[in-house]
Amino acid sequence: MIELDHAVLGKPADLVEARAMLRRLAARDHYVHTAVALVCSGREVEIMALSTAVVRMKPFDERAHERYLATEESLGKAGAYSIQGEGGSLVDSIDGDFSTVVGLPLRLVAQLLRQSGVEVPVDLDELYVTKPYANWARFPG
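Residue numbering for the sequence shown follows the working numbering, starting at 1082 and increasing by one per position.
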């Protein structure tokens, strides 16, 4: 969920709406909230948690925005951008977990799984060092 000025920015209906969203976000901070619910059937485990990151967008650049909109990647993406795709070029910085902005906060999910007694076979520290996903290496943390 994208939050800007205490309002939710959903998925744009079309490129006109996507353009308007990107203009609103330009050169500003906004929040990305990603909720996770873990339910283990038969064990009566139900855990819910929220991860939030602050994303700062680059200043508005007509050519960069039009180039991005031409990819149509913005359609179907909350806030009209995909940080792991071409939309990452519009992002200046992130305060928080990159994977929260992608839509699945890996550290939080691993923490909840361990908390419920599930072994996590992935070395998350190594994953966060190698940052194998597109655009992840651009952002510290």
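C-beta atoms are modelled at their ideal positions from N, C-alpha and C, and glycine is treated no differently.
Just so it is clear, the structure is predicted and the values come from calculations on it, not from any experiment.
Per DSSP, Glu1153 lies in no alpha helix (DSSP H) and is assigned neither H nor E. In the displayed model, Ala1145 falls within a helix according to three-state DSSP. DSSP lists Glu1084, Val1135 as the bridge partner or partners of Tyr1112. Exclusion of the five residues before and after Glu1154 leaves Ser1163, Gly1166, Glu1167, Gly1168 as the residues of its chain whose Cβ lies within less than 7 Å of its Cβ. DSSP places Asp1206 outside any beta strand (DSSP E); the residue lies instead in the alpha helix (DSSP H), whose first and last residues are 1205-1211. If you ignore the 5 residues before and after Val1182, its C-beta comes within less than 7 Å of the C-beta of Val1113, Ala1134, Val1136, Ile1164, Ile1175, all in its own chain and listed in chain order. Of Asp1206, Ser1197, Val1201, the smallest CA-CA separation from Glu1127 is found for Ser1197. Taken through DSSP and simplified to helix, strand or coil, Ala1130 comes out as strand. Taking every protein chain shown into account, the CB of Met1129 has fewer than 16 other CB atoms within 10 angstroms, so this residue is exposed.
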